[in-house]
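Just below is one structure, and these are the notes that go with it.
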Amino acid sequence: MGHRVFEDYQEAEDQYGADIASLGNNSSGTWAGNDFDYEEILYGEEGKLTEHTLSAIGGNERTQFYFGGQYMDEGGIIVNTGYKKMSGRINVSHRFSEKAKLSIATNLIRSEADRGVTGNDNTNMTYGFSIGFTPSFIDITDSDGDGVFPDNPTNPSNPLETAEYFVNNELTHRALGSLTFDYNLFKQANQSLSFLGVGGADFYNQENEVFIPPFLQIEESNDEPGQAVMTTTDNLNTNLSLNLVHKLKMSGMNFNTTAGLQYETYDWNSVFVHATGMIPTQTNVDKASSQSVYHDRSKRQDRGRFFQEEITVGDNIYLAFGLRGDVSSTMGNTEEYQWYPKLAASYQFGEFAGIFDNLKLRFANGETGNMPQPRAKFTTLSSSNIGGINGLIPASTRGNSGIKPERTAETEFGADFSVMGGLATVEATMYTQNITDLILLVDLPASSGSLYGWENGGEMETKGTELTLGLNPTQLVSLGGLDWNFRMNYYTSESKVTKLTVDPYNFGGFATFLGTYRIEEGWSPTAIVGSETN
Numbered sequence: 249m250g251h252r253v254f255e256d257y258q259e260a261e262d263q264y265g266a267d268i269a270s271l272g273n274n275s276s277g278t279w280a281g282n283d284f285d286y287e288e289i290l291y292g293e294e295g296k297l298t299e300h301t302l303s304a305i306g307g308n309e310r311t312q313f314y315f316g317g318q319y320m321d322e323g324g325i326i327v328n329t330g331y332k333k334m335s336g337r338i339n340v341s342h343r344f345s346e347k348a349k350l351s352i353a354t355n356l357i358r359s360e361a362d363r364g365v366t367g368n369d370n371t372n373m374t375y376g377f378s379i380g381f382t383p384s385f386i387d388i389t390d391s392d393g394d395g396v397f398p399d400n401p402t403n404p405s406n407p408l409e410t411a412e413y414f415v416n417n418e419l420t421h422r423a424l425g426s427l428t429f430d431y432n433l434f435k436q437a438n439q440s441l442s443f444l445g446v447g448g449a450d451f452y453n454q455e456n457e458v459f460i461p462p463f464l465q466i467e468e469s470n471d472e473p474g475q476a477v478m479t480t481t482d483n484l485n486t487n488l489s490l491n492l493v494h495k496l497k498m499s500g501m502n503f504n505t506t507a508g509l510q511y512e513t514y515d516w517n518s519v520f521v522h523a524t525g526m527i528p529t530q531t532n533v534d535k536a537s538s539q540s541v542y543h544d545r546s547k548r549q550d551r552g553r554f555f556q557e558e559i560t561v562g563d564n565i566y567l568a569f570g571l572r573g574d575v576s577s578t579m580g581n582t583e584e585y586q587w588y589p590k591l592a593a594s595y596q597f598g599e600f601a602g603i604f605d606n607l608k609l610r611f612a613n614g615e616t617g618n619m620p621q622p623r624a625k626f627t628t629l630s631s632s633n634i635g636g637i638n639g640l641i642p643a644s645t646r647g648n649s650g651i652k653p654e655r656t657a658e659t660e661f662g663a664d665f666s667v668m669g670g671l672a673t674v675e676a677t678m679y680t681q682n683i684t685d686l687i688l689l690v691d692l693p694a695s696s697g698s699l700y701g702w703e704n705g706g707e708m709e710t711k712g713t714e715l716t717l718g719l720n721p722t723q724l725v726s727l728g729g730l731d732w733n734f735r736m737n738y739y740t741s742e743s744k745v746t747k748l749t750v751d752p753y754n755f756g757g758f759a760t761f762l763g764t765y766r767i768e769e770g771w772s773p774t775a776i777v778g779s780e781t782n
């Protein structure tokens, strides 16, 4: 981006005033002519990228395997930043007989990231904000090389000091595994029935460490200088799917029937410790004058049942219909299934009317659901100390024991065709979505004892179009074996809240004078409102 060079004292005074401009003078009181390119100093590290991969594949007609490993090291362009990853993968499949086959896939990953402190903030601590308020004629470098940086006179932090000592480390261990069992129950000339079982798990442990030494300029003015943050998160997701698949061929028609059960779990456990008033040279969170501890747990179990039938007639007609039922521990009623039907059809005309090389018309209608958050069902409790006795009181958000999932019903029409020998292809779709039982976090009157509450409080409609145009100029002009394909996508989407059973409310942002979202009947759900100023 470059930086501004100040040629003399007067230029600096015109920009910053006499007090700041005088900092650019030398000991004799004359203009020193300093020019520090802090962008180059801060972002001038050599970001070397290294990656090594190793893999092996082999097997025979009954057993196949794949082994793979990777090491990656991405050096950052800011001191003490970078990313490292090591991973290994093992896939093995074995056919016990003509009927039975078992496949196992595993993946282990270890990654470590040092991100520094970048991005947006309101304290001018991040590197980019800080150097933006630091004139190039002021020296904030470690000029003696002893690791001691001067205070930045124009900013609450010295970005060079922050980059040198600020710690923002993230260490992640992740393990993924899946097991697939395929068993052919019977097979005849025109039909077959098979069982397919798929189970999987995804576990990760993430540790985050943030350490801000008490001697940093940004900390010196705090009542308890020095901060340490330790966060440990464990997350385990599991899934199990049991399916029966029946295939039948008869009289130019193909039937593909699938029915099954699904089971999924989600388990999140996170502990966050924030310590302030750190003892110099100490980084442990217990070596501080005060600590705050936060513990967040979230569990969820989902169960599903489904049935689907697909029918093809020749090469022209395709029909599909199905029904799915879901129930979740996050719903108010954990025993009542929510059922979602679907229907789809298409007709392939082939060459049509002497214009189209190929023409297909399609239609689809279906419903799906969006489950509530685990915390929406319950009123959480906060700890409180009264007279030295610890206890629990209701938090600011009230749960809803009767919460239901959002339900989305969508209808779409479309046409796909190609013309002029494949020169141009077009895919066009029009759709309408109607969403009912919107899950909203709404404002509550003060007399309710809570500030917010979860409600199924409205309906929303979305209409849109999607258009894809593909061109292949090489269908007209030969380019020596070169095949050139060009694709352009265009879409529109317009949403409106059609019904709201709660009072209109604002959410998001800091205040209306900075802009905030507004949920109100007849408005777009992404509408932003602000306050008028004189």
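First residue of the sequence shown? That's 249 in our numbering, and the numbers climb one at a time after it.
Glycine residues also receive a C-beta, built at the ideal position from the N, C-alpha and C atoms.
Could you name each continuous beta strand (DSSP E) segment of 3 residues or more that falls completely within the segment 267–347, going from the start of the chain to the end? 297–307, 311–323, 330–343
DSSP-derived helix/strand/coil call for Phe459: Here the question's residue 459 lines up with position 211 in the sequence shown. Strand, per DSSP.
Of the residues Thr382, Asn720, Ala592, which one's Cα is nearest the Cα of Asn406? Sequence index remark: in the sequence shown, residue 406 carries index 158 (1-based). Comparing Cα-Cα distances from Asn406 to each of Thr382, Asn720, Ala592, the minimum goes to Thr382.
For the segment 412–475, which segments carrying the alpha helix (DSSP H) assignment without a break, of at least 4 residues, lie completely within its bounds, in sequence order? 465–468
So, using beta-carbon positions, are Pro589 and Leu571 closer together than 7 Å? For the purposes of this step, residue 589 is identified with residue 341 of the sequence shown, where counting begins at 1. For the purposes of this step, residue 571 is identified with residue 323 of the sequence shown, where counting begins at 1. Result yes, Cβ atoms of Pro589 and Leu571 sit closer than 7 Å.
Three-state secondary structure (DSSP) at Ser392? On the sequence shown, residue 392 is found 144 positions in, with the first residue counted as 1. This sequence places Asp at residue 392; Ser is not what is there. Coil.
Nearest-angstrom beta carbon gap, Ser666 and Thr656 [assumed within contact, 8 Å]: In the sequence shown, counting from the first residue as 1, residue 656 sits at position 408. In the sequence shown, counting from the first residue as 1, residue 666 sits at position 418. Thr656 to Ser666, Cβ: 32 Å. No contact.
Exposure label - Ile565; buried when at least 16 CB within 10 Å: For the purposes of this step, residue 565 is identified with residue 317 of the sequence shown, where counting begins at 1. Exposed: under 16 other Cβ atoms inside 10 Å.
Inter-residue Cα distance where the pair is Ala449 and Ala507: Reading the sequence shown from its first residue, position 201 is the one you call residue 449. Reading the sequence shown from its first residue, position 259 is the one you call residue 507. Those two C-alpha atoms are separated by around 22 Å.
Return the CA-CA distance between Ser469 and Glu457, expressed in angstroms with no decimal places. Numbered from its first residue, the sequence shown carries residue 469 at position 221. Numbered from its first residue, the sequence shown carries residue 457 at position 209. Distance between the alpha carbons of Ser469 and Glu457: 23 Å.
Just to confirm before moving on: does the CB-CB distance between Glu360 and Val327 stay below 7 Å? Start at 1 with the first residue of the sequence shown, and residue 360 comes out as number 112. Start at 1 with the first residue of the sequence shown, and residue 327 comes out as number 79. Taking 7 Å as the Cβ cut-off, Glu360 and Val327 do not qualify as a contacting pair.
Which term fits Phe385, buried or exposed, when burial requires 16 or more other beta carbons within 10 angstroms of its beta carbon? As a first step, residue 385 is located in the sequence shown; it is residue number 137 there, counting from the start. Classification for Phe385: buried.
May I ask you to verify whether the segment 388–405 touches the segment 332–349, counting CB pairs closer than 8 Å and requiring at least 3? no
Does the segment 608–627 touch the segment 640–652, meaning 3 or more C-beta pairs lie closer than 8 Å? yes
What first and last residue would you give for the alpha helix (DSSP H) that runs through Ala260? Counted from its first residue, the sequence shown places residue 260 at position 12. Ala260 -> alpha helix (DSSP H) spans 257–264.
What are the boundary residues of the beta strand (DSSP E) that Phe377 is part of? Taking the sequence shown and counting its residues from 1, the one referred to as residue 377 is at position 129. Unbroken run through Phe377 is the alpha helix (DSSP H), 375–380; no beta strand (DSSP E).
Quick one: Cα of Thr354 to Cα of Leu424, how far? Position 106 of the sequence shown holds residue 354. Position 176 of the sequence shown holds residue 424. If I take the Cα positions, the gap works out to 6 Å.
Could you give the C-beta distance for Phe474 and Gly395, rounded to a whole number, given that I count them as a contact under 8 Å? If you number the sequence shown from 1, residue 474 lands on position 226. If you number the sequence shown from 1, residue 395 lands on position 147. As written in the sequence, residue 474 is Gly, which differs from the Phe given in the question. Wrong, their Cβ atoms sit about 17 Å apart, outside the cutoff.
Can you list, in chain order, the residues of its chain with a C-beta nearer than 8 Å to that of Asn633? Leave out the 5 residues immediately preceding and following it. As a first step, residue 633 must be located in the sequence shown, where it is residue number 385. Within the same chain, Asn633 has close Cβ partners Gly639.
Can you tell me which residues form a DSSP beta bridge with Ala536? For the purposes of this step, residue 536 is taken as the residue at position 288 of the sequence shown. According to DSSP, which records beta bridges pairwise, Ala536 is partnered with Met526.
Anyone know if the C-beta pair for Arg548 and Thr578 falls short of 7 Å? Here residue 548 refers to the residue found at position 300 of the sequence shown. Here residue 578 refers to the residue found at position 330 of the sequence shown. Closer than 7 Å, so yes.
Alpha carbon to alpha carbon, what distance is there between Met736 and Lys495? As a position in the sequence shown, residue 495 is number 247, starting the count at 1. As a position in the sequence shown, residue 736 is number 488, starting the count at 1. Approximately 38 Å between the Cα atoms of the pair.
Closest to Leu686 by CA distance: which of Tyr331, Asn704, Leu692 is it? For this step, residue 686 is matched to residue 438 along the sequence shown. Among Tyr331, Asn704, Leu692, the Cα nearest to that of Leu686 belongs to Asn704.
Since Phe597 is in the beta strand (DSSP E), which residue starts that stretch and which ends it? As a first step, residue 597 is located in the sequence shown; it is residue number 349 there, counting from the start. 586–600 is the span of the beta strand (DSSP E), which, as asked, contains Phe597.
Measuring CA to CA, which of Tyr431, Ala437, Asn438 is closest to Leu444? Against the sequence shown, residue 444 aligns to sequence position 196. Residue Tyr431 is the option with its Cα nearest to Leu444.
Can you say whether Glu654 is buried or exposed, counting buried as having 16 or more other CB atoms within 10 angstroms of its CB? Taking the first residue of the sequence shown as 1, we reach residue 654 at position 406. Classification of Glu654: buried, given that the 10 Å Cβ count is 16 or more.
Give a yes or no on whether the C-beta atoms belonging to Thr684 and Glu707 are separated by under 7 Å. As a working mapping, residue 684 is identified with position 436 in the sequence shown. As a working mapping, residue 707 is identified with position 459 in the sequence shown. Contact: yes.
Where the beta strand (DSSP E) containing Trp791 begins and where it ends: This structure cannot speak to residue 791, because the chain is shown only from 249 to 782.
Mind checking Ala304: buried by the 16 CB within 10 Å criterion, or exposed? For the purposes of this step, residue 304 is taken as residue 56 along the sequence shown, with counting starting at 1. Counting Cβ neighbours within 10 Å, Ala304 comes out exposed, since fewer than 16 surround it.
Is the beta carbon of Phe569 closer than 7 Å to that of Leu591? Indexing the sequence shown from 1 puts residue 591 at position 343. Indexing the sequence shown from 1 puts residue 569 at position 321. Closer than 7 Å, so yes.
Short of 7 Å in beta carbon distance, which residues of its chain neighbour Leu433, apart from the five on each side in sequence? Order them along the chain. Counting from 1 along the sequence shown, the entry for residue 433 is found at position 185. If we look at Leu433 and ignore the five residues flanking it on each side, its Cβ neighbours are Leu441, Ser442, Phe443.
Host beta strand (DSSP E) of Leu688 (start-end): Translated into positions along the sequence shown, residue 688 becomes position 440. Its beta strand (DSSP E) spans residues 687–691.
Pick helix, strand or coil for Ser743, following the three-state DSSP scheme. Counting from one through the sequence shown, the residue named residue 743 turns up at place 495. Correct three-state label for Ser743: strand.
Looking at the structure shown, is Gln621 part of a helix, part of a strand, or coil, going by DSSP? Here residue 621 is taken as the residue at index 373 of the sequence shown, counted from 1. Gln621 falls in the coil class under three-state DSSP.
Whole-Å CB distance - Thr531 paired with Phe459, under 8 Å assumed: As a working mapping, residue 531 is identified with position 283 in the sequence shown. As a working mapping, residue 459 is identified with position 211 in the sequence shown. Correct: roughly 5 Å between the Cβ atoms.
Using CA coordinates, which residue listed in Thr677, Phe377, Glu675, Arg363 is at the minimum distance from Asn417? The residue labelled residue 417 in the question sits at position 169 within the sequence shown. If we check each option's Cα against that of Asn417, Arg363 comes out closest.
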